[in-house]
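In the working numbering, the protein residues as written are 4 to 510. Beta carbons are placed, not taken as given, at the ideal position from N, Cα and C, and that holds for glycine. To start, the structure under review is shown below, and the notes come after it.
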């Protein structure tokens, strides 16, 4: 991971290892001046992947992208492998590893540790930006990289945030540092509705696990991060107008941040993996050949994301539910976590014989396929045989399903995605929920019932129609003259204005 691959066309300082060589970018759009963007993701694959999708979008527009990845000595091997895989698959993007100190408190909650590591990476980030052969035009920060604002201010570099999740989440998060001080801890409020300005009310129990207890360090860390986001020049949100009109109106009306201007929001999505391979020498995954042999829209796909895994007991309930439903399925099984709170911990390959019910694999071998750890999710979702998606409600996965037009069954993981579930089910109406997650166990009977609902019933048919419409609207948004393309052009105009205000200098 720390080797250097040099590029004759684009030379960056050797002290920051280059993970992929940069190929010449696409032709610059006539109306846009070519710019160089530095993208700065937070720790973890779930934050890196959407940043790469943004980088690919920038390249398509004729700009250059450098993804600067913090690489602490105690980094997650899974993340390291993801960087290498993404670099190989995207040779036109430069990936730079920034060696940074680890958190000084290894016993702290993972959220606090991650924040400390990003804060301690500031000197390395500053040195990297100063050493670039030519100044970057802007830095695009992950929502949790708020302390990098200080580096950007010192270098007079325009800093925008990239919020990779739903605009609805963003509107609530922006308001939370002002709302929460006047409330009890969410963990003590149960089903009580929490009212954020301009937004649908949300039960306290559906708020993210990381903010449930006001007294914990992880909650204080999140409040600090949410409050500082408003200091950015603006925010690029990975959504599109048709999907979230309520949240976008609240943000445009400026009701989310009391006492100061709400940062300007540019709704530039959906930026999602399109399932197309871009690397060399890649072979087609075995599951795609299996899907080729299945009838159209006949397979239920179950995948709980790169950072989530369910308990051993839950795996058995899922297996029994799938078997009883009688439907075809493609199921990605990951090892249960030792610590459910630590989403960055590496996991070993699962022992399917030990984790699944005795005889399950044999009994379902003619209609099911079980994979260990990983599947090419975007390709599976876009396959004609895929008829429904049981998802952990991560926003990347949600957008991949929307752009594929696949109905979703929501199983939020660790309550971190429960807020997404609320809006997916109640506001966007693109999914149905598995209610048992609230008791940390979805029973086999509910798995069976929701699979049948999605695959057999009139409600499932209407859900598929809604997703077909969502797919078309997503395509229109990113097409020529679409709302997301217009928003991106507005972002570039805002950046030009910012550059003139800063005197065009960031050294």
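Range of the contiguous alpha helix (DSSP H) that encloses residue i
i	result
residue 375	Careful: residue 375 lies outside any alpha helix (DSSP H), inside the beta strand (DSSP E) at 371-375.
residue 512	Absent from the model: residue 512. The displayed extent of the chain is 4 to 510, so no value can be given.
residue 227	220-232
residue 292	289-295
residue 324	315-328
residue 355	355-358
residue 258	No alpha helix (DSSP H) holds residue 258; DSSP gives it neither H nor E.
residue 363	363-366
Residue i (DSSP reduced to helix, strand or coil)
i	result
residue 409	coil
residue 171	helix
residue 158	coil
residue 69	strand
residue 195	coil
residue 394	strand
residue 386	coil
residue 498	helix
residue 504	helix
residue 414	coil
Supposed contact pair residue j and residue i - C-beta distance, whole angstroms, cut 8 Å
i	j	result
residue 381	residue 410	Going by Cβ atoms, the distance from residue 381 to residue 410 rounds to 16 Å, so no, they are not a contact pair.
residue 275	residue 430	Not quite, the Cβ-Cβ distance comes to about 19 Å (not below 8 Å), so this is no contact.
residue 487	residue 270	6 Å
residue 58	residue 72	The pair is not a contact, with the Cβ atoms about 12 Å apart (cut-off 8 Å).
residue 52	residue 399	6 Å
residue 432	residue 469	6 Å
residue 209	residue 425	5 Å
residue 428	residue 328	Their Cβ separation, rounded to whole angstroms, is 20 Å, which puts residue 428 and residue 328 out of contact at 8 Å.
residue 110	residue 46	At roughly 17 Å, the Cβ-Cβ gap does not stay under 8 Å, so residue 110 and residue 46 are not in contact.
residue 447	residue 320	5 Å
Start and end residues, beta strand (DSSP E) containing residue i
i	result
residue 306	302-306
residue 246	Neither: residue 246 is in no beta strand (DSSP E) and is coded neither H nor E.
residue 267	267-270
residue 336	331-336
residue 42	39-43
residue 214	From DSSP, residue 214 is part of no beta strand (DSSP E); its letter is neither H nor E.
residue 240	237-240
Beta-carbon proximity check, residue i vs residue j, cutoff 9 Å
i	j	result
residue 100	residue 74	yes
residue 324	residue 451	yes
residue 236	residue 267	yes
residue 206	residue 193	yes
residue 318	residue 290	no
residue 395	residue 307	yes
residue 177	residue 259	yes
residue 240	residue 170	yes
residue 216	residue 189	yes
residue 316	residue 444	yes
residue 40	residue 140	yes
residue 96	residue 124	no
residue 253	residue 211	no
residue 225	residue 150	no
residue 389	residue 336	no
residue 466	residue 434	yes
residue 85	residue 48	yes
residue 565	residue 179	No information on residue 565 is available, as it lies outside the stretch 4 to 510 that the chain covers here.
residue 36	residue 326	no
residue 494	residue 163	yes
residue 293	residue 364	no
Any chain B beta carbon closer than 9 Å to residue i
i	result
residue 448	Judged by its chain identifiers, the structure shown contains no chain B, having just a single protein chain.
Requested in this report: Within the segment 72-151, note down every full beta strand (DSSP E) run reaching 3 residues or more, in order along the chain.
Outcome: At a cut-off of 3 residues, the continuous stretches assigned as beta strand (DSSP E) that sit fully inside the segment 72-151 are 97-102, 141-145.
**Report entry** Length-filtered (4 minimum) alpha helix (DSSP H) runs lying within the segment 447-495
**Finding:** Taking 4 residues as the shortest admissible run, the segment 447-495 contains the following complete alpha helix (DSSP H) segments, listed from N- to C-terminal end: 447-459, 461-481.
Query raised in the report: What runs of the beta strand (DSSP E), each 3 residues or longer, lie entirely inside the segment 417-444?
Result: The segment 417-444 contains these whole beta strand (DSSP E) runs: 434-436.
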